[in-house]
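In this text, residue positions in the sequence shown follow my numbering: the first is 493, and each later residue adds one.
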Amino acid sequence: MLRDAALFAAGLFAWTLVEYVIHGTLAHAHRTFVTERHMVHHRDPSAVFAIRLWPLVALLWIIGLASWGFGGPMVFFNGLLLGFAAYEFAHYRIHFRMPANAFEARLRARHLAHHSGVPGAWFGVTTRLWDVVFGSEPEPSRRDALLARAAAVAPLQGPSNFGRITRSIAASR
């Protein structure tokens, strides 16, 4: 039981690094298969970036379950998936809702500053840990102004592509 809790927590923590690598390295630092899709999100933040990945994630989960059952690797993978789901939820809220608390307000200001002022910095959406570790935060002299400007941005209005995608999936059945 304790081992499973530690594996699950490790998967959850690992997600934060995976998120940073996908966003900072695959979407921004290098031109990869992720870059163009991510730039669509920068041009139109209502285009929720990772929503189309869920069918692939479901397939990987089924393959993992068939391979490992509910053993240790699957417990770790489930932690990783919960991290991805938390990221999706937080990312949606950042763009479409006002923050419910100070923690959300900090996440929102950092991410919106990334969108509007410093696309080469602040790659962590759910945590600033890896931005600190890898030095991808703006210099302190710019940080406060960027955060204040971003905090004043109103949430997006109207639908995201999440609704369009789920409706098209439902219609195809």
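All C-beta atoms, glycine included, are put in the ideal place defined by N, C-alpha and C.
Alanine 601 and leucine 639 have their alpha carbons spaced roughly 5 Å apart. About 14 Å separates the CB atoms of proline 630 and histidine 520; that is not less than 8 Å, and the two are not in contact. In this structure, the CA atom of methionine 566 is about 26 Å from the CA atom of threonine 517. Between tryptophan 622 and the set Asn570, Thr508, Arg598, the nearest pair of CA atoms involves Thr508. Leucine 648 and leucine 604 have their C-alpha atoms roughly 11 Å apart.
Contact between proline 537 and histidine 587 is confirmed by a C-beta separation of about 5 Å, below the 8 Å threshold. For threonine 517, there is no enclosing alpha helix (DSSP H), as DSSP marks it with neither H nor E. Rounded to whole angstroms, the gap between the alpha carbons of leucine 494 and alanine 644 is 44 Å.
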